[in-house]
Every structure is written in C-alpha cells, then in structure tokens.
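Heads up, the thing below is written out as structure tokens.
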Amino acid sequence: MQLTDRINRIQISPTAAVISEAEKLKARGVDIADFGPGEPDFPTPDHIKKAAIKAIEENKSKYTPAGGIMPLREAICAWHKRELGSSFEAKECVVSVGGKHSIFNVMSVLVQQGDEVIIPAPYWVSFPDIVKYAGGKPVFVETKPEEGFSVKASAIEKAITPRTKLLILNSPSNPTGGVVPPDEYERILAVCKKHKVCLMGDECYSHFTYKPHKPYSIASAAGSKENVIIIGSVSKTFAMTGWRIGYTLGPEALIQALIKLQSQSTSNATSIAQYAALEAMRGTMETVPVMLAEYEKRRKRIVEGLRAIPGITCEWPGGAFYAFPDISAHLSNGGGRQALAKSCTEISKMLLERAHVAVVPGEAFGAPGYLRLSYATSIERIEEGLRRLERFFSRAEAAA
Numbered sequence: 104m105q106l107t108d109r110i111n112r113i114q115i116s117p118t119a120a121v122i123s124e125a126e127k128l129k130a131r132g133v134d135i136a137d138f139g140p141g142e143p144d145f146p147t148p149d150h151i152k153k154a155a156i157k158a159i160e161e162n163k164s165k166y167t168p169a170g171g172i173m174p175l176r177e178a179i180c181a182w183h184k185r186e187l188g189s190s191f192e193a194k195e196c197v198v199s200v201g202g203k204h205s206i207f208n209v210m211s212v213l214v215q216q217g218d219e220v221i222i223p224a225p226y227w228v229s230f231p232d233i234v235k236y237a238g239g240k241p242v243f244v245e246t247k248p249e250e251g252f253s254v255k256a257s258a259i260e261k262a263i264t265p266r267t268k269l270l271i272l273n274s275p276s277n278p279t280g281g282v283v284p285p286d287e288y289e290r291i292l293a294v295c296k297k298h299k300v301c302l303m304g305d306e307c308y309s310h311f312t313y314k315p316h317k318p319y320s321i322a323s324a325a326g327s328k329e330n331v332i333i334i335g336s337v338s339k340t341f342a343m344t345g346w347r348i349g350y351t352l353g354p355e356a357l358i359q360a361l362i363k364l365q366s367q368s369t370s371n372a373t374s375i376a377q378y379a380a381l382e383a384m385r386g387t388m389e390t391v392p393v394m395l396a397e398y399e400k401r402r403k404r405i406v407e408g409l410r411a412i413p414g415i416t417c418e419w420p421g422g423a424f425y426a427f428p429d430i431s432a433h434l435s436n437g438g439g440r441q442a443l444a445k446s447c448t449e450i451s452k453m454l455l456e457r458a459h460v461a462v463v464p465g466e467a468f469g470a471p472g473y474l475r476l477s478y479a480t481s482i483e484r485i486e487e488g489l490r491r492l493e494r495f496f497s498r499a500e501a502a503a
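Just so we're aligned, residue 104 is where the sequence shown starts under my numbering, counting upward by one.
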C-alpha cells in the first residue's frame with residue numbers, strides 16, 4: 104500500500120511519543136516522575152460533569168450541526184467578550200474537536216502550496232507539521248530567554264515576504280510559558296495589517312498567567328477583526344482535555360469554510376461534550392483561580408529546584424504550566440565540561456531509562472539544549488522528580 108507524500112511530511116507528535124514510552128514503563132510497575140503530559144492534573148469541575156450527565160439522561164446524543172450547537176457558539180462568544188473583551192457573534196464561531204483540530208482546519212482552508220507561515224520559536228510541536236501537511240512552509244523567528252521568549256514586532260516584520268500568509272502566535276506559550284505583552288501584541292497586529300498577513304492567536308493558556316501578566320486577547324484590540332483568528336479550547340481552562348472541545352473565532356467567511364470542511368470530515372464534535380462545554384462557558388469560573396494558585400506554587404518550586412542543579416539555568420515562565428530549563432552545559436556540543444550526550448533527545452532517553460524521569464526534549468520545540476517539564480502534577484511528585492534530576496546531573500558533574 105502506497106502512502107501519500109503528505110503523510111511523509113509529518114512525524115508522530117514527540118510529546119505523544121514520550122508519553123507512550125513512559126506509559127510502557129509504568130505498565131511494568133516502574134515509578135515514573137512524569138513531567139511529560141501537557142494537561143491539568145485537576146478533575147473536570149463537578150458542575151460541568153453534572154451537565155454532561157444531564158445531557159445523557161435527556162438523550163442529547165444525536166447529531167448536531169457540523170459547526171456546533173447554536174447555544175454553545177453563542178455562549179463561547181459571550182464568554183470571550185466577558186473574559187477577554189472581544190465582540191464576536193455566533194456566526195463568527197465554529198466548535199471543533201479540540202484546539203489542535205481547530206488549528207489543523209484553519210491551515211487546511213487558508214494555506215496554499217508554498218505559502219509561508221511565521222512561527223515564533225521555541226514553538227508548540229504540532230505547529231510546523233500542521234503547516235507542512237497543508238502544503239505550507241514554516242518560517243521560524245527566534246525568541247530570546249532573556250526577553251522571556253516573547254517575540255518582537257520588528258522580528259516578525261523582518262520575516263515577512265511576499266509569500267507570507269499567516270502568523271501563528273501562541274501566548275502564553277507552550278513550551279516556554281512566554282507571554283507577549285499587550286502593547287507588543289498590538290504592534291505585531293499593526294505589522295500584520297500593514298502586510299496583509301493573517302494573525303492567528305492560540306489562546307489555549309489565556310487564563311493561566313502569572314503576575315504582572317493578565318489574560319489578554321488580541322481580539323480586544325481596535326480594528327482587529329478583519330485579519331485576526333482566535334483559537335481557543337476548554338481543555339486547559341476547565342480541565343477538560345479528554346472532552347475534546349475547541350473553537351475558532353474569526354471572519355464569517357472563514358467560519359463558513361471551516362464548517363464546510365467539518366461537514367465532510369468530523370461532522371460535529373461529540374454532542375455530550377458540547378453540552379458540558381456549554382455549562383463551562385455559562386457557569387462559574389471559581390475553579391480557575393484555585394488551579395492558578397496551585398500552579399504558582401508548583402512553578403516556584405520547580406524553577407528554584409532546577410536552578411539549584413549544577414549546569415542548569417531556567418527562566419521564570421510568564422504563563423501556562425511548563426518549565427523550560429537550558430541544559431546545554433551538559434551537552435558535548437554546548438561546550439560544557441559535564442557533557443553527558445550530544446543532544447537533549449539523548450538526555451531525555453537517559454533520564455527515562457536511568458532516572459525514571461519523563462521530560463520532552465527541546466529539539467521537539469525547535470530549541471536544542473532545552474527540556475520541557477510540565478508542572479501540572481503534585482508538589483510531591485515535583486519534589487521527587489527534582490531529587491532524581493539532581494542526582495542524575497550531579498553525578499555527571501562529579502564524573503567530569
């Protein structure tokens with residue numbers, strides 16, 4: 104059976120691969136300090152679960168419109184206006200099977216063969232492959248750790264060419280936790296408008312920001328609606344990763360194209376999950392600050408713990424729930440005398456096999472020399488993981 108050239112443009116998600124290897128060890132009874140999964144360890148709030156149960160009991164298990172039930176589309180727009188200051192209408196919203204699905208669909212309807220898509224690096228693992236699958240060319244713009252991994256408008260403008268179709272901006276960022284300040288974000292919007300480039304804002308971590316940052320959407324800026332696309336999800340904000348509900352907000356013509364695509368692919372997102380998401384959008388937000396407060400404690404512990412390990416530096420993430428330490432001093436190509444391996448991919452394999460710590464290598468995010476550690480896990484597991492990391496890297500220091 105001959106596979107298409109398209110499928111050979113992409114690889115399996117590196118984060119999925121790490122999780123798979125860690126799960127194999129867990130199945131054999133190995134205790135893994137797991138910093139791999141990028142999902143909240145909190146349960147879905149009770150009022151949302153009850154709404155899903157109610158929907159099942161009321162037999163709301165039939166097909167829905169491909170773009171999502173109208174009450175949910177209306178509720179998403181109302182929530183986004185209330186929380187983030189936008190002004191979308193239901194006709195400018197489509198419900199999808201998660202944020203990743205939303206991004207895949209947007210690329211499918213906007214990106215032509217050879218179009219360029221600007222992606223700040225480090226980047227979420229799926230951005231480049233989704234662009235490649237659609238026939239586009241990822242163009243990477245590097246960010247600096249000393250600037251909080253926040254991309255600048257000037258750097259975006261330098262990367263724009265006549266083939267540039269789209270800019271993807273993920274703030275807060277997975278994997279770095281970098282946050283683009285509102286004033287810089289608006290300068291970036293102005294650059295995009297000047298060059299007729301669409302700006303796609305991935306806001307999946309919008310409500311997990313740490314002081315002095317606050318939740319922000321570029322869709323709240325004046326004159327943004329003509330070329331701004333917003334990607335959102337209930338996965339992180341409401342601890343609903345497995346429910347698979349995301350959404351796209353944007354110009355009506357784009358939304359109609361996305362609905363047409365979904366009508367011939369996934370059809371609707373799961374009906375029961377849509378009714379759960381409806382309750383999430385209409386109901387209380389009281390669990391969000393509780394989760395954020397816990398993430399802040401974990402952030403403090405993991406960053407301080409990583410900084411205490413010889414040969415490791417780590418910036419404070421401005422949002423999300425990832426630490427992104429620089430371990431290049433432990434790599435032979437990093438010029439460090441404590442060289443353990445040639446790459447972070449090798450280091451991550453060694454950590455899993457020898458120290459039983461699961462992390463994602465920086466190469467997956469376009470950042471050789473780094474590791475991504477999710478602190479969406481308990482303080483106790485963070486402490487245990489840090490102890491194992493300290494032993495692993497300190498032995499390397501002693502051996503050197």
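Using N, Cα and C, we set each Cβ at its ideal position, and we do this for glycine too.
Only a predicted model underlies this, so the values are computations on that prediction, with no experimental measurement involved.
Original post:
Are there 16 or more other CB atoms within 10 angstroms of the CB of Ala372, so buried, or fewer, so exposed?
Top reply: In the sequence shown, residue 372 corresponds to position 269, counting from 1. The residue in question, Ala372, is buried, as its Cβ has 16 or more Cβ neighbours within 10 Å.
**OP:** Classify Ser123 as buried or exposed, calling it buried when 16 or more other Cβ atoms lie within 10 Å of its own Cβ.
**Re:** As a working note, residue 123 is residue 20 in the sequence shown. Looking at its Cβ environment, which holds fewer than 16 other Cβ atoms inside 10 Å, Ser123 is exposed.
Subject >> Of the listed residues Gly421, Phe427, Ile450, nearest to Asp435 (C-alpha basis) >> reply: Reading the sequence shown from its first residue, position 332 is the one you call residue 435. Here the sequence assigns Ser to residue 435, which means Asp is not the residue at that position. When each option's Cα is compared against that of Ser435, the closest is Ile450.
**OP:** Leaving out five residues on either side along the sequence, give the residues of the same chain with a beta carbon under 7 Å from the beta carbon of Glu466.
**Re:** In the sequence shown, the residue the question calls residue 466 occupies position 363. Hits under 7 Å: Ser446, Cys447, Thr448.
Subject >> In DSSP terms, what Leu517 is bridged to >> reply: With the chain covering 104 to 503 only, the question about residue 517 has no answer from this structure.
Subject >> Counted within 10 angstroms of its Cβ, other Cβ atoms place Ile332 as buried (16 or more) or exposed >> reply: As a first step, residue 332 is located in the sequence shown; it is residue number 229 there, counting from the start. Ile332 comes out buried.
Original post:
Along the chain, where does the alpha helix (DSSP H) that runs through Lys400 open and close?
Top reply: On the sequence shown, residue 400 is found 297 positions in, with the first residue counted as 1. That run of the alpha helix (DSSP H) goes 390 to 410.
Original post:
At what residues does the alpha helix (DSSP H) containing Gly202 begin and finish?
Top reply: For the purposes of this step, residue 202 is taken as the residue at position 99 of the sequence shown. Here the alpha helix (DSSP H) through Gly202 covers 202 to 213.
Original post:
Are there 16 or more other CB atoms within 10 angstroms of the CB of Ala501, so buried, or fewer, so exposed?
Top reply: Here residue 501 is taken as the residue at index 398 of the sequence shown, counted from 1. Only weak support is given to the placement of Ala501: the predicted model assigns it a pLDDT of 46, under 50, and the value that follows is read from those uncertain coordinates. Under this definition Ala501 is an exposed residue.
Subject >> Buried or exposed by the 16-neighbour rule on C-beta atoms within 10 Å, applied to Arg185 >> reply: Taking the sequence shown and counting its residues from 1, one reaches residue 185 at position 82. Arg185 is exposed by the Cβ-count criterion.
Original post:
When burial is assigned at 16 or more other CB atoms within 10 Å of the CB, is Gly335 buried or exposed?
Top reply: The residue labelled residue 335 in the question sits at position 232 within the sequence shown. Buried, since its Cβ has 16 or more Cβ neighbours within 10 Å.
Original post:
Just the Cα atoms here: how many angstroms apart are Asn162 and Ala181?
Top reply: The residue labelled residue 162 in the question sits at position 59 within the sequence shown. The residue labelled residue 181 in the question sits at position 78 within the sequence shown. About 26 Å.
**OP:** Going by CA-CA distance only, name the one from Glu456, Glu250, Lys235 that's closest to Pro284.
**Re:** As a first step, residue 284 must be located in the sequence shown, where it is residue number 181. Answer by Cα proximity: Glu250.
**OP:** Quick one: using the 10 Å Cβ neighbour count with 16 as the cut-off for buried, is Thr387 buried or exposed?
**Re:** As a position in the sequence shown, residue 387 is number 284, starting the count at 1. It is exposed - the Cβ of Thr387 has fewer than 16 other Cβ atoms within 10 Å.
Subject >> Rounded separation between Ala256 and Met210 - CA only >> reply: Start at 1 with the first residue of the sequence shown, and residue 256 comes out as number 153. Start at 1 with the first residue of the sequence shown, and residue 210 comes out as number 107. Each residue's Cα considered, the two are about 22 Å apart.
Subject >> Buried or exposed (CB count within 10 angstroms, at least 16 for buried), Met104 >> reply: Within the sequence shown, numbered from 1, the residue matching residue 104 stands at position 1. Burial call: exposed.
**OP:** Just grab the DSSP bridge partners of Asp429 for me.
**Re:** As a working mapping, residue 429 is identified with position 326 in the sequence shown. BP columns for Asp429 point to Thr416, Tyr473.
Original post:
Helix, strand or coil: which one does DSSP assign to Val460?
Top reply: The residue labelled residue 460 in the question sits at position 357 within the sequence shown. Secondary structure of Val460 (DSSP, three-state): strand.
**OP:** Could you tell me which residues DSSP puts in a beta bridge with Lys240?
**Re:** Taking the sequence shown and counting its residues from 1, the one referred to as residue 240 is at position 137. Beta-bridge pairing links Lys240 to Glu219.
Subject >> Residue ranges of each alpha helix (DSSP H) within the region 306 to 390, 4 or longer >> reply: 355 to 366, 374 to 385
Original post:
DSSP state of Val228, grouped into three classes?
Top reply: Working through the sequence shown from its first residue, we reach residue 228 at position 125. Coil at Val228, not helix or strand.
Original post:
Taking the continuous beta strand (DSSP E) assigned at Val197, which residues delimit it?
Top reply: Along the sequence shown, one-based indexing puts residue 197 at 94. Val197 -> beta strand (DSSP E) spans 196 to 199.
**OP:** Kindly indicate which residue of Ile358, Pro146, Val393 has the alpha-carbon position closest to the one of Thr312.
**Re:** Mapped onto the sequence shown, residue 312 falls at position 209. Considering only alpha carbons, the answer is Val393.
**OP:** Quick one: using the 10 Å Cβ neighbour count with 16 as the cut-off for buried, is Ala423 buried or exposed?
**Re:** Against the sequence shown, residue 423 aligns to sequence position 320. Buried.
Original post:
Since Leu455 is in the alpha helix (DSSP H), which residue starts that stretch and which ends it?
Top reply: As a working mapping, residue 455 is identified with position 352 in the sequence shown. First-last for Leu455: undefined, no H or E at that position.
Subject >> Alpha carbon of Ala503 to alpha carbon of Lys240, nearest angstrom >> reply: In the sequence shown, residue 503 corresponds to position 400, counting from 1. In the sequence shown, residue 240 corresponds to position 137, counting from 1. With a pLDDT of only 49 at Ala503, under the threshold of 50, the placement of this residue in the model should not be trusted; the figure read from the coordinates follows. Their backbone Cα atoms lie some 42 Å apart in a straight line.
**OP:** Give a yes or no on whether the C-beta atoms belonging to Ser309 and Gly202 are separated by under 8 Å.
**Re:** In the sequence shown, the residue the question calls residue 309 occupies position 206. In the sequence shown, the residue the question calls residue 202 occupies position 99. Not a contact, by the Cβ cut-off of 8 Å.
Original post:
Between which two residues does the alpha helix (DSSP H) containing Ser257 stretch?
Top reply: As a position in the sequence shown, residue 257 is number 154, starting the count at 1. Where Ser257 is concerned, the enclosing alpha helix (DSSP H) stretches over 256 to 262.
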